[in-house]
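When we follow my numbering, the leftmost residue of the sequence shown carries the number 60, and every step to the right adds one. All C-beta atoms, glycine included, are put in the ideal place defined by N, C-alpha and C. Here is the structure we will look at, set down as structure tokens.
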Amino acid sequence: MPSYTANTKDMQFVLHEVLKVSEAGIPGYEEMDRDFTEAVLDAAAKVSAEVLAPLNVVGDTEGCVLENGIVRTPKGFDAAFEAMKDGGWTALDCDPEFGGQGMPYLLNCAVGEMFVSANMAFNMYQGLTHGAYSAIHAHGTDEQKAKYLPKMVSCEWTGTMNLTEPHCGTDLGMMRTKAEPQDDGSYKVTGQKIFISAGDHDLAENIIHLVLAKAPGGGEGTKGVSLFIVPKVLVNEDGSLGARNAVSVGKIEEKMGIHGNSTCVMNYDGATGWLLGDLHKGMRAMFTMMNEARLGVGLQGYAVAEAAYQNALAYAKDRLQGRAVTGVENPNGPADPLIVHPDIRRSLMDQKSFLEGARAFTFWGASLIDRAHKSGDDAAEGLISLMTPVIKGFLTDKGFETTVLAQQVYGGHGYIEEWGMSQFARDARIAMIYEGANGVQALDLVGRKLAQDGGKHVMAFFEMVKAECKAHEADERMKPFTDALKGASKQLQASAMFFMQSGMKNPNAALSGSYDFMHLMGHVCLGLMWTRMAAAAHAALDAGASDKAFYEGKIATGRYYMARQLPACAMHLARIESGADPVMALSVDQF
Numbered sequence: 060m061p062s063y064t065a066n067t068k069d070m071q072f073v074l075h076e077v078l079k080v081s082e083a084g085i086p087g088y089e090e091m092d093r094d095f096t097e098a099v100l101d102a103a104a105k106v107s108a109e110v111l112a113p114l115n116v117v118g119d120t121e122g123c124v125l126e127n128g129i130v131r132t133p134k135g136f137d138a139a140f141e142a143m144k145d146g147g148w149t150a151l152d153c154d155p156e157f158g159g160q161g162m163p164y165l166l167n168c169a170v171g172e173m174f175v176s177a178n179m180a181f182n183m184y185q186g187l188t189h190g191a192y193s194a195i196h197a198h199g200t201d202e203q204k205a206k207y208l209p210k211m212v213s214c215e216w217t218g219t220m221n222l223t224e225p226h227c228g229t230d231l232g233m234m235r236t237k238a239e240p241q242d243d244g245s246y247k248v249t250g251q252k253i254f255i256s257a258g259d260h261d262l263a264e265n266i267i268h269l270v271l272a273k274a275p276g277g278g279e280g281t282k283g284v285s286l287f288i289v290p291k292v293l294v295n296e297d298g299s300l301g302a303r304n305a306v307s308v309g310k311i312e313e314k315m316g317i318h319g320n321s322t323c324v325m326n327y328d329g330a331t332g333w334l335l336g337d338l339h340k341g342m343r344a345m346f347t348m349m350n351e352a353r354l355g356v357g358l359q360g361y362a363v364a365e366a367a368y369q370n371a372l373a374y375a376k377d378r379l380q381g382r383a384v385t386g387v388e389n390p391n392g393p394a395d396p397l398i399v400h401p402d403i404r405r406s407l408m409d410q411k412s413f414l415e416g417a418r419a420f421t422f423w424g425a426s427l428i429d430r431a432h433k434s435g436d437d438a439a440e441g442l443i444s445l446m447t448p449v450i451k452g453f454l455t456d457k458g459f460e461t462t463v464l465a466q467q468v469y470g471g472h473g474y475i476e477e478w479g480m481s482q483f484a485r486d487a488r489i490a491m492i493y494e495g496a497n498g499v500q501a502l503d504l505v506g507r508k509l510a511q512d513g514g515k516h517v518m519a520f521f522e523m524v525k526a527e528c529k530a531h532e533a534d535e536r537m538k539p540f541t542d543a544l545k546g547a548s549k550q551l552q553a554s555a556m557f558f559m560q561s562g563m564k565n566p567n568a569a570l571s572g573s574y575d576f577m578h579l580m581g582h583v584c585l586g587l588m589w590t591r592m593a594a595a596a597h598a599a600l601d602a603g604a605s606d607k608a609f610y611e612g613k614i615a616t617g618r619y620y621m622a623r624q625l626p627a628c629a630m631h632l633a634r635i636e637s638g639a640d641p642v643m644a645l646s647v648d649q650f
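This is the structure in structure tokens:
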């Protein structure tokens, strides 16, 4: 069975030496000194290793079962969920007014990485609840907040989001679910939703569904959509549970992975619901969940890959196979370990350099969310809005690719279920699809986010990269980083210029290159992160750090990324500049 050990040392490095959180000037961050974050991360690491990771294979092999209208989760999930609630892990960054601990979102993300690496399917039960909590917290009335949030913060009640229908996924304007207003101010919600993660289960006494539906008078398309709170069990005025609502599970989806999470078809047959936020403004309220969820899915992309990498690394050190071409390195054994071979090293370095860059990128993104929300910083809000499709799309694409690389290290054993690498690959695959498939993320980035607020956010990002390079121009040791980053940034700017010049005349020219642009920007973002991490590592070595091997390894890993991964930017630019013609050349009947 695969194992997992949280990389708290690297998390601490990112938090305190790269982001320098306690000096960041973000409200609440002044309390995040090394001792405090170490205590939280170490406790979360223990839960991950001892409670969650042992259930990962159980969830995969047993899956969820629908019995007499009730979903049963795999063996051990109920006790683990109680442990999560008792430890306060479900309430980490939630509002203290409703029973939360009020910690920064960044710290919740660091803890979330461990929980996902240990057991992605299990963590989704509380992860979806957090999204629903955020939507009610942002858009609910005082009465709604008082009624639902305390129980959701504690995860006595969990939450979901219901968007997709059998005939529409991304195009939510086509939805058929209806909400009919009632005399008492409630609505009767009727329709079917599919792919509802954690749609039903036996871990909580109530489930608060947030359901998109069309109310009368809203018109066509997404402008007519509203968001409704539809509890599984109705809640009485005194907060106690009342009658069962007209909500049922049609079936549990048979999925490629995340078997431990119940992905349900949900039927609403005149279920009682209440409007959340403004009438016909449901997309605005839903996107409170979606933006948070998209960063969380980007985190899933690299977190599952982190667990896969750890096991591949251990296997490469242990498995004897062949001899090193430069001479025997294990004279007392019949062969040398896999890790002596250059191609295995290439694979492991691809994995390691991506994972550490992805962690820094995601933590930085989480800090922008904290800055925007806690300080009202519009620049931070604009920057994380720009970065969200990159975090979601690039990190999940590369995360799956990294997971497959880890599986490949095992050779044939990677394809055998007992080694666990198959599960990592199957679980990681969904992250490229849900919360907006990655092609949609690329369209959002190029079609909306680049031009947002007159393009000032992408221009601010270009200036940020330029300033980072300039800050290290006197340090020869940093040239492998700054030279590569400058070149990649110029390629990113050239691709944006191509869109400006060609996209207005031929929109297909921009849309045909959007996916490449998302990846090009992702590489530049990780290049920026590696430049910052290298500078922090050099600073630590200059200050006489005792753990020289860690910092020297960090610099070498970063140099690898700049030398071996950033050149992909040139390829992406070439594809973008080829325009729409190669993509659109065939007529439909020529396919």
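Paired residues, beta bridge with residue i - DSSP
i: P290; result: I267
i: T331; result: K247
i: R378; result: Bridge partners of R378: none, in fact.
i: A272; result: S285
i: L262; result: None; L262 has no bridge partner.
i: L407; result: For L407, which the question treats as bridged, DSSP gives no partner whatsoever.
i: R353; result: None; R353 has no bridge partner.
i: P396; result: L379
Buried versus exposed call for residue i [16 or more other C-beta atoms within 10 Å across all chains shown]
i: K282; result: exposed
i: V647; result: exposed
i: V99; result: buried
i: R303; result: exposed
i: S605; result: exposed
i: P290; result: buried
i: N66; result: buried
i: L74; result: buried
i: T96; result: buried
i: H472; result: exposed
i: V387; result: exposed
i: M669; result: Past the edges of the chain, shown from 60 to 650, lies residue 669, and the structure says nothing about it.
i: R634; result: buried
i: E224; result: buried
i: K469; result: It should be pointed out that residue 469 corresponds to Tyr in this sequence rather than to Lys. Buried, since its Cβ has 16 or more Cβ neighbours within 10 Å.
i: Y493; result: buried
i: Q511; result: exposed
i: F650; result: exposed
i: M630; result: exposed
i: H226; result: exposed
i: Q241; result: exposed
i: A602; result: exposed
Distance between beta carbons of residue j and residue i, contact taken as under 8 Å
i: S412; j: Q624; result: 7 Å
i: G329; j: T249; result: 5 Å
i: G416; j: L585; result: 4 Å
i: S561; j: F576; result: With 8 Å as the limit, S561 and F576 do not qualify as a contact, their Cβ atoms being about 13 Å apart.
i: L544; j: L509; result: At roughly 20 Å, the Cβ-Cβ gap does not stay under 8 Å, so L544 and L509 are not in contact.
i: L334; j: E365; result: At roughly 41 Å, the Cβ-Cβ gap does not stay under 8 Å, so L334 and E365 are not in contact.
i: L504; j: P448; result: 4 Å
i: L300; j: V294; result: 6 Å
i: S107; j: A177; result: 4 Å
Short CB-CB distance (under 8 Å) between residue i and chain B
i: G316; result: Within the model displayed, chain B is absent; a lone protein chain is all it includes.
Exercise. Where in the region 298-329 do unbroken runs of the beta strand (DSSP E), each at least 3 residues long, occur, reported from the N-terminal end onward?
Worked result: For the beta strand (DSSP E) assignment, the uninterrupted runs of no fewer than 3 residues enclosed by the region 298-329 are, from N- to C-terminal side, 300-303 and 306-311.
For this session: Please determine if the region 266-286 and the region 340-350 are in contact, where contact requires at least 3 C-beta pairs separated by less than 8 Å.
Result: yes
Exercise. Counting Cβ pairs, one atom from each stretch, are 3 or more of them under 8 Å apart for the region 135-148 and the region 175-191?
Worked result: yes
Problem set entry | Segments of 4+ residues assigned as alpha helix (DSSP H) that fall wholly inside the region 195-255 | 201-212
Problem set entry | Those runs of the alpha helix (DSSP H) which lie wholly inside the region 453-495 and span at least 4 residues | 480-488
Exercise. Can you find at least 3 beta carbon pairs, one from the region 599-619 and one from the region 560-579, that sit closer than 8 Å?
Worked result: no
Exercise. At a cut of 8 Å, does the region 113-126 reach the region 87-96 through at least three beta carbon pairs?
Worked result: no
Exercise. Is there contact between the region 510-527 and the region 202-215, where contact requires at least three CB pairs shorter than 8 Å?
Worked result: With a cut-off of 8 Å, the region 202-215 and the region 510-527 do not count as touching, because too few Cβ pairs lie within range.
Exercise. So does the region 250-266 actually touch the region 228-240, counting three or more Cβ pairs closer than 8 Å?
Worked result: yes
Exercise. Are at least three pairs of beta-carbons, each pair with one atom in the region 454-469 and one in the region 346-365, less than 8 Å apart?
Worked result: yes
Exercise. Between the region 587-597 and the region 380-389, do at least 3 Cβ pairs fall closer than 8 Å?
Worked result: no
Problem set entry | Three or more C-beta pairs below 8 Å linking the region 299-316 and the region 480-492 | By the Cβ test, the region 299-316 is in contact with the region 480-492, since at least three Cβ pairs between them sit closer than 8 Å.
Exercise. Should the region 262-271 be called in touch with the region 163-174, which here means at least 3 C-beta pairs below 8 Å?
Worked result: no
Exercise. Should the region 372-381 be regarded as contacting the region 393-407, the criterion being three or more beta carbon pairs within less than 8 Å?
Worked result: At 8 Å Cβ cutoff, the stretches touch.
Exercise. Fully enclosed by the region 100-175, which alpha helix (DSSP H) runs are 4 residues long or longer?
Worked result: 115-121 and 136-145
Exercise. In the region 563-637, which residue ranges form an unbroken alpha helix (DSSP H) of at least 4 residues, counting only runs that do not cross its ends?
Worked result: 566-571, 573-601, 607-623 and 627-636
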